[in-house]
Amino acid sequence: MSKHGIVLAIGIMVTLINTSVCDKRLNRKKRFIEMADDVRGPYCETKPGGPCCPGRDDQCTVPILDSICYCDMFCNITASDCCPDFQRICIGGNPEPITRGCRVNGIEYRVGSVFTNNCNQCTCRRNPSNPNQAELSCTDEVCLVQPDMIQLVNNANYGWKAANYSFFWGKTLNDGIKYRLGTMPPSDQVLNMNPIIMDSVDQPPESFDSRQKWPNYIHPVRDQGDCAASWAFSTAAVASDRLAIESEGVLPEELSPQHLISCNVKGQLGCEGGYLDKAWWFLRKNGIVTDSCYPYESGSTNNAGFCKMRKSKNYRNVTCPNSGEELLEKILHSTPPYRIRSNEREIMMEIMKNGPVQAILKVKEDFFMYKSGVYSYSRIQPDNMADDDKGYHSIRIIGWGVERQSSGVELKYWLGVNSWGTSWGEGGYLKIGRGIDECKVESCIVSSWGSVSSAMITEYIETIQRNRDP
C-alpha cells in the first residue's frame, strides 16, 4: 500500500472511532428510555470500576436493553438518562416511581403541576396508595359557568337554552352573587305597601313591547360590570324611561346609576348591594343627574367611590363631575314610588299605559347561563342559592309575549331588560315565565312617575341651551 493509501486508511479509522464516540455523547436525552418494572435489575451497582462517577463522565455507562444508561452525577442534573438504580446506589433512597400525569379536558398535566380548571385550583399529584398513578386534587367551589348543567339544559326541553359566557368563566357562584346581583330583599314595609287600584277592564293584547309604542324613549341595555348595583341600574333605567315618556321626549337622557351608587349612601352599600325603596326615596327627595353628566365607573373599580356631586344652595342645579367645562346640569326627580299588585293582567296594563316597571328576582344558579327562550328554573341539581337573603336581583320589565314551541306548547313570558351587557341573553334582554311568579318576578313590582311640569321642561330646555351657547 502506498504512503497516501496508509494515511487515508488511518484517517477513515479515526473518523469511525470518533463517530462511535460522538454517537455515545450525542444528545444524551435521545438515548434515554423510560424504565419499566422489568428492567430495574442492577446496573450502577455492578458497574466495573465502581458504581458511580463524579461530575460528567460520558464513559460512566452500563448497557441496558439495546441502549445505555449513566451512573455519573450529571445524569442526576438532566434527570433523563440515569440508570434505574442510580438513585438508590449513588444518591441513596428509593428511586422516584415513574408516574403518568393527569389528563383534564384533553390536556396532560405533569405530576406536581398546579393549574386552574374553571373556578377551581387543581394539583396533579402522586396517588399515595399507588405511586405509579397520579390523582387530581381540586378545590370544591361551585362555578358560575357549569358545562355539565349547560349540556343538560340544552339536551332537555325546558323551553330555553344555556350558554358558556367567557366573562363568567373562572368565576365562582359566590363571585356572581357578590358582583353581579346587588338588590337587597324587599323589606316588610315595601311588601306591605298598598298597591294602586287598576280600574281598567280592558283586555291586554297577546304581546306588547314598550320599544314599539315609545320608540327612542326606552333606554338600551347597560352593563353593571363587577359591581353589585342592580338596585341602582334598574331604578335609574325605569325612571329614565318614565321621564322620557311623560315629557314626550323633552327629557330623553338616561339618568346616572353612578350618582345613586356614590351618593345614595344612607342605609345603602354601593357595590355591595342596595334597597330599592331607599333608591327611590333618594331620587324623589334629592334627584339625580344624567349619565353623561356623571358617567359610570364602578363596574371596573369594584367600589362605589366617593360622591363627586357638589350641591347648589337649592340643590336644583349642579356642576357635572369629570367634565372639562363648568356645565350646569338639571337635577331630575321622581314622584314617590308605587307598587303594582302581583296580578298578571294589572302588571300588563300598567306597562302598556304608563311604561316599564321594576321587578325583583330571586335568582337561581342556572339563570347566569341563560341564553335564549323562556327562562324557568331547571331544578337540575340542589339549589345552591336557596338562602332567603341571598341572590336577589332587579330588572326592568318592558313588555310580554308568547313563545310557541315546536311541540305546540305555548310559553307566556315577561320581556325583561338585564344589566349584564348585550353579550348575555338575547342581546341583554330576557324572557321569563309569566303568570306563574317565576323566581318571584311578580311578587314585588314597583314604578314611579317622573316629576315633570311644563315649567320644569321650559327650565330644562333653557339650561341645555345655556350649556351649548359659547
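So the sequence shown is residues -19 to -1, 1 to 451, counted in mature numbering (1 follows the signal peptide of the UniProt record, and there is no 0). Note that CB positions come from ideal geometry on N, CA and C, so glycine has one too. The structure displayed is predicted, hence computed values, not measured ones.
Contact set for residue i: own chain, Cβ-Cβ below 8 Å, skip 5 residues either direction
i	result
glutamate 187	Gly382 and Val383
cysteine 119	Asn98, Asn101, Gln102, Cys103 and Thr104
glutamine 170	Asp258
isoleucine 361	Met130, Leu133, Val134 and Asp347
lysine 194	Met333
serine 304	Cys274
aspartate 418	Ser323 and Ser424
Minimum Cβ-Cβ distance from residue i to chain E less than 8 Å
i	result
serine 359	The chain inventory of the structure shown lacks chain E, comprising one protein chain alone.
Residue i: first and last residue of the uninterrupted beta strand (DSSP E) it sits in
i	result
serine 118	111 to 119
glycine 397	391 to 398
tyrosine 146	Run containing tyrosine 146: none; DSSP gives neither H nor E here.
isoleucine 426	426 to 428
asparagine 108	101 to 108
tyrosine 410	410 to 414
Best match in the options for proximity to residue i [C-alpha to C-alpha]
i	options	result
aspartate 222	Gln249, Thr271, Leu257 and Ser243	Thr271
isoleucine 264	His240, Glu253, Tyr275 and Asn283	The displayed chain sequence assigns leucine, not isoleucine, to residue 264. Nearest of His240, Glu253, Tyr275 and Asn283 to leucine 264, Cα basis: His240.
alanine 123	Cys100, Gln249, Arg415 and Met329	It should be pointed out that residue 123 corresponds to valine in this sequence rather than to alanine. The residue with the shortest Cα to Cα distance from valine 123 is Cys100.
cysteine 279	Pro35, Glu253 and Asp38	Before going further, note that residue 279 is serine rather than cysteine in the sequence given. Comparing Cα positions, the closest option is Glu253.
glutamine 184	Val134, Ile328 and Ser94	Ile328
tyrosine 373	Val422, Gly354, Gly406 and Cys34	Val422
aspartate 368	Asp258, Gly36 and Ile158	Ile158
alanine 225	Asn86, His314 and Pro35	His314
glycine 380	Ser387, Ile177 and Lys393	Lys393
asparagine 173	Tyr319, Ser48 and Leu236	Tyr319
aspartate 156	Gly93, Ser424, Val126 and Met54	Val126
cysteine 425	Ser357, Trp195 and Pro176	Pro176
glycine 286	Val299, Cys208, Asn197 and Gly93	Cys208
leucine 236	Tyr198, Gly251 and Arg106	Tyr198
aspartate 121	Gln386, Thr153 and Ser147	Thr153
glutamate 89	Arg69, Tyr356, Glu116 and Gln68	Glu116
tyrosine 410	Ser304, Val202, Glu229 and Asn245	Val202
aspartate 38	Ile312, Phe55 and Lys28	Phe55
glutamate 234	Gly82, Lys311, Pro109 and Gly408	Lys311
lysine 412	Phe189, Met179, His200 and Gly87	Phe189
phenylalanine 349	Asn145, Ala137, Asn284 and Lys28	Asn145
serine 357	Asn86, Val85 and Ala137	Ala137
methionine 330	Val85, Cys34, Met179 and Cys41	Met179
Same chain, Cβ closer than 7 Å to residue i, neighbours up to 5 away in sequence not counted
i	result
arginine 377	Ser215, Ala218, Val219, Pro337, Gln339, Gly397 and Val398
proline 23	Asp66
proline 302	Tyr275, Lys289 and Met290
tyrosine 277	Pro238 and Gln239
alanine 213	Pro238, Leu241, Ile242, Gly255 and Ala260
serine 432	His314, Ser315 and Thr316
asparagine 365	Val123, Leu154 and Glu346
Beta-carbon separation (whole angstroms), residue i vs residue j, contact threshold 8 Å
i	j	result
isoleucine 45	asparagine 57	With a Cβ gap of about 17 Å, isoleucine 45 and asparagine 57 do not count as contacting.
tryptophan 141	glycine 389	Contact doesn't hold; Cβ gap of about 17 Å is too wide.
aspartate 53	glycine 36	7 Å
valine 344	leucine 232	Contact flag wrong, Cβ pair sits at about 32 Å.
threonine 316	tryptophan 430	5 Å
lysine 334	alanine 143	Incorrect: roughly 35 Å between the Cβ atoms, too far for contact.
serine 375	serine 211	5 Å
serine 404	phenylalanine 149	About 10 Å; that fails the 8 Å criterion.
serine 428	isoleucine 321	7 Å
glycine 402	aspartate 204	4 Å
Spatial neighbours of residue i in its chain, beta-carbon cut-off 6 Å, leaving aside the 5 residues before and after
i	result
serine 359	Val134, Tyr139 and Asp347
tyrosine 256	Met165
cysteine 64	Tyr24, Cys25, Val43, Cys50 and Cys52
glycine 416	Glu325 and Lys393
cysteine 420	Leu342 and Lys343
aspartate 4	Any answer about aspartate 4 is weak, because its pLDDT of 45 lies below 50 and its placement is not dependable; what the coordinates show is given next. Nothing meets the Cβ criterion.
isoleucine 70	Cys25, Glu26 and Pro32
valine 95	Thr104
glycine 248	Lys259
asparagine 284	Cys252
tyrosine 160	Asp207 and Ala209
Residue i Cβ short of 7 Å to the ligand FMN heavy atom set
i	result
lysine 259	Because no ligand of any kind appears in the structure shown, any question about the ligand FMN cannot be addressed here.
Endpoints, the alpha helix (DSSP H) within which residue i is located
i	result
phenylalanine 214	211 to 227
alanine 260	257 to 266
glutamine 132	128 to 136
valine 171	169 to 172
leucine 162	Per DSSP, leucine 162 belongs to no alpha helix (DSSP H) and is neither H nor E.
proline 238	238 to 244
Self-check item: Completely contained beta strand (DSSP E) runs for the region 270 to 345, where each covers 3 or more residues
Solution: 298 to 300, 309 to 311, 319 to 321 and 338 to 343
Self-check item: 4-residue-minimum alpha helix (DSSP H) runs that sit fully inside the region 349 to 387, ordered along the chain
Solution: none
Quiz prompt | 4 or more residues per run - each alpha helix (DSSP H) lying fully within the region 18 to 95 | solution = 54 to 59
Exercise. Write down every uninterrupted run of the alpha helix (DSSP H) in the region 183 to 209 whose length is 4 residues or greater and which is fully enclosed by it, in chain order.
Key: 191 to 194
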